[in-house]
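Here my numbering is used: the first residue of the sequence shown is 753, the next is one more, and so on. Here the structure is laid out as structure tokens; the discussion comes afterwards.
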Amino acid sequence: MTRTSTRSFAVVLIATLATLRAPIVHAADLIEPTLVTSSSGVLTETLTVEEYTYATTTPSSFSFKTRGYFGSSETSTAGQTLSALKVGPTLKFKAGERVNVLLQNNLEVNTDSVVMNNYHTPGTTNLHTHGLHISAFDPYDNVMRKVEPGNSHQYQYDIITDHAAGTHWYHAHVHGSTALQAGGGLVGVLIVDDAADEIPTEYQSLDEKVLMIQYTQFADVKIIAETAGMGETWTSTSTGITGGMAHFTANGMYAPTIKIDQNEWTRLRMVFMALDKVVEFQLGSAAAGLGCEWKLLAKDGVYVAAAPRALSSVYMAPGNRADVLIRCTTVGSFTVDSVGGAQTHIGSTTGALNFQVVSSASTASTLTPFNAKMPNYLATVNAYSGTATRETHSLQFAPGGGGGGGGGGGGCQVNYDNSGAAAYTGVSLGNLVAGTVQQWSLQGSDKHPFHIHVNPYQLGTVTDTTGDASSYFIAGDWHDVLFQPAGISIPTVYFQTADYTGKVVAHCHFLNHEDKGCMAYWEITGTASSGIADLVATALTNATAAPTTTPTPSSSDGGRAVNAARALVLCVLATAFVV
Ligand SMILES: [Cu+2]
753 MTRTSTRSFA VVLIATLATL RAPIVHAADL IEPTLVTSSS GVLTETLTVE
803 EYTYATTTPS SFSFKTRGYF GSSETSTAGQ TLSALKVGPT LKFKAGERVN
853 VLLQNNLEVN TDSVVMNNYH TPGTTNLHTH GLHISAFDPY DNVMRKVEPG
903 NSHQYQYDII TDHAAGTHWY HAHVHGSTAL QAGGGLVGVL IVDDAADEIP
953 TEYQSLDEKV LMIQYTQFAD VKIIAETAGM GETWTSTSTG ITGGMAHFTA
1003 NGMYAPTIKI DQNEWTRLRM VFMALDKVVE FQLGSAAAGL GCEWKLLAKD
1053 GVYVAAAPRA LSSVYMAPGN RADVLIRCTT VGSFTVDSVG GAQTHIGSTT
1103 GALNFQVVSS ASTASTLTPF NAKMPNYLAT VNAYSGTATR ETHSLQFAPG
1153 GGGGGGGGGG GCQVNYDNSG AAAYTGVSLG NLVAGTVQQW SLQGSDKHPF
1203 HIHVNPYQLG TVTDTTGDAS SYFIAGDWHD VLFQPAGISI PTVYFQTADY
1253 TGKVVAHCHF LNHEDKGCMA YWEITGTASS GIADLVATAL TNATAAPTTT
1303 PTPSSSDGGR AVNAARALVL CVLATAFVV
């Protein structure tokens, strides 16, 4: 394994015997999480879940006990005090490779017991690979798996040979402790690296920065810990935490300076996490004077068609990713701001992200628009008219279930196929047959972000009345989290049940709502195949030409065959599902 550990995560240790006041950090430069990459086709890493205390003086002064992922090359800071939130190592690998992650749970022993659809067992954890198109069976992305305090679990992910390149992330996902753990900082970034023939080489060589953007709602996380009867153990509530302390961090740092080179495009791999807030980012007022522009490259780890696309606002709900290209022609500083709005929840924040354009001898150049290579499972399905079976379903996030930080109102329940809204029961809501077109109508995704595991979905018709000519949401885009901002309507999404059988989990990605019962799952049944016969891969093309209508056959499916065989075996071996 190769590591870029020379830039180990530069959290500043504060002597625990000294005062709790952390050193004031004036515009520290952004530091990226430790990068762990694959070598000879294999990535091996241990993620240890450890407690630490985050102590900051900006934007307000407080300390907060929380939890983070520590990689095997990082110094354990268990029990220490840090001036930045600890973000897990970035795991970067390619399609066709094997990823081994040993999850070591060093959390405190639980003092409570499971209470269905309420916050419970804060010490129990697991790992979800949000956005990866992989099996939900052990040892893959089985979010029903529980890793108890003091225990470990070996995950192994064989990434199929035609897995699309993209930006994804990982986080804890035990129903009942997800909001506390992921909302408290148990997050890290996953990158499926570009294949040589996936996007133009001019894009592969761009500078890029990982931006794990968290809007941490400390007071709400505290209340969740108190609900589980472990407020003091989990968050040191005696230090006093109020709602006004919620703030943005980038890679765990408050308001770091993100340096980009003048005249050069930089790729930002943005991942957003908050408990139950969404954000609309726009370039701040200083950007225009510096000749700054940004363009959209990918959403939720899938390249948009005719990339890069003109961009005004970046809309992100918890769990969303946005790969954005940014360039300025003049040296100086500018911000990316969170703008207010009826449904953006996070109010106006100038300087959610802070950039500095550094002098460079480069001259500005243009980028050639392209349509990325797309694998079978991402073949256009939203206008499918072939002979494959079409299953039509509806999913409504209906009010109910509580779910505010303190368990108050504002939550949701899943109403599937008009069966009546109900909280999660731990029972499958039905079967989805492998190799079918899934056409799902969504309701309530203007209040609750819709997330589904295993297969991302393609947007159907989009109605955008916001007046944003570049519209962030266009029919045909792929998402795995969808929150409709005010003025935008996306009633139907599509996907094909390709490559995998087994559980497919869907939930509101306001994770406090999920813990409170706004979650469901289905079983994909039948025989896993590479997908619907007439929905097949397309090659990289220049976007000035129409996307090819005579798709290129997909490459070797060795990885898929291995996965399918493994899934069948593991299906038999899988442990019984227990809530
Ligand atoms: Cu919700």
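A virtual CB, placed ideally from N, CA and C, is assigned to each residue, including glycine.
At a cut-off of 6 Å, is residue i close to ligand 1 when judged by its beta-carbon and the heavy atoms of the ligand?
| i | result |
| --- | --- |
| C1260 | yes |
| H925 | no |
| H1203 | no |
| H885 | no |
| H1200 | yes |
| H1097 | no |
| H999 | no |
| C1164 | yes |
| H1145 | no |
| H1265 | yes |
For residue i, count neighbouring C-beta atoms within 10 Å of its own C-beta (all shown protein chains included) and say buried if the count is 16 or more, exposed if not.
| i | result |
| --- | --- |
| A836 | buried |
| E802 | buried |
| V944 | buried |
| Q906 | exposed |
| V926 | buried |
| V867 | exposed |
| V1179 | exposed |
| S828 | exposed |
| D1232 | buried |
| S1037 | exposed |
| N1170 | exposed |
| N1183 | exposed |
| N1294 | exposed |
| G1219 | exposed |
| V794 | exposed |
| S990 | exposed |
| S1114 | exposed |
Mind checking which residues open and close the alpha helix (DSSP H) that includes residue i?
| i | result |
| --- | --- |
| I975 | F970 to T979 |
| T994 | Element bounds for T994: n/a, residue is neither H nor E. |
| Y955 | T953 to Q956 |
| E860 | Careful: E860 lies outside any alpha helix (DSSP H) and carries neither H nor E. |
| G1084 | Premise fails: G1084 lies in the beta strand (DSSP E), G1084 to S1090, not in any alpha helix (DSSP H). |
| Q933 | T930 to G935 |
| G1041 | A1038 to G1041 |
If we ignore side chains and look at the alpha-carbon of each, how far apart do residue i and residue j end up?
| i | j | result |
| --- | --- | --- |
| S865 | G928 | 10 Å |
| T818 | Y804 | 6 Å |
| S1193 | A830 | 46 Å |
| P901 | H880 | 17 Å |
| A1289 | S1282 | 10 Å |
| T809 | M982 | 25 Å |
| N870 | D1267 | 6 Å |
| T873 | Q1014 | 49 Å |
| S904 | H1097 | 37 Å |
| R1312 | N857 | In this prediction, R1312 scores a pLDDT of 38, lower than 50, which makes its location untrustworthy; the coordinate-derived value is nonetheless stated afterwards. Between R1312 and N857, the C-alpha separation is close to 31 Å. |
| S1117 | R1079 | 10 Å |
| V777 | P1201 | Low confidence applies to V777: its pLDDT is 44, below 50, so where it sits in the model is not reliable enough to give any reading. |
| N1134 | F816 | 46 Å |
| S1223 | T1279 | 38 Å |
| Q1195 | V1185 | 23 Å |
| S1111 | I1284 | 51 Å |
| K1255 | Q1248 | 15 Å |
| Y955 | T1018 | 9 Å |
| A1104 | L1020 | 14 Å |
Need the endpoints of the beta strand (DSSP E) that residue i sits in, please.
| i | result |
| --- | --- |
| T1144 | R1142 to P1151 |
| A1285 | First-last for A1285: undefined, no H or E at that position. |
| T987 | Run containing T987: none in the beta strand (DSSP E); it sits in the alpha helix (DSSP H), G983 to T987. |
| A1104 | T1101 to V1110 |
| S1193 | V1189 to Q1195 |
| C752 | Outside the shown range of the chain, which is 753 to 1331, sits residue 752, and nothing can be said about it. |
| Y1176 | Looking at the DSSP string, Y1176 is not in any beta strand (DSSP E), and its letter there is neither H nor E. |
| D1075 | R1073 to R1079 |
| E1045 | E1045 to K1051 |
| I1204 | F1202 to I1204 |
| D910 | S904 to D910 |
| V1133 | Careful: V1133 lies outside any beta strand (DSSP E) and carries neither H nor E. |
| T1213 | Per DSSP, T1213 belongs to no beta strand (DSSP E) and is neither H nor E. |
Would you say residue i reaches chain D, if we count a Cβ-Cβ gap shorter than 7 Å as a contact?
| i | result |
| --- | --- |
| F1262 | Here there is only one protein chain, and chain D is not present. |
Could you check whether the Cβ of residue i sits closer than 6 Å to any heavy atom belonging to ligand 3?
| i | result |
| --- | --- |
| C1270 | The model on display carries ligand 1 but not ligand 3. |
List in chain order: all unbroken beta strand (DSSP E) runs of 3+ residues lying wholly within the stretch 779–837. 787–789, 794–808 and 814–822
Length-filtered (3 minimum) beta strand (DSSP E) runs lying within the stretch 863–901: The qualifying runs are 880–882.
Where in the stretch 1217–1270 do unbroken runs of the alpha helix (DSSP H), each at least 4 residues long, occur, reported from the N-terminal end onward? Complete alpha helix (DSSP H) runs here, min 4: 1263–1267.
In chain order, which continuous runs of the alpha helix (DSSP H) of length 4 or greater are located wholly inside the stretch 998–1041? Counting only runs of 4 or more residues that sit fully inside the stretch 998–1041, the alpha helix (DSSP H) segments are 1038–1041, in chain order.
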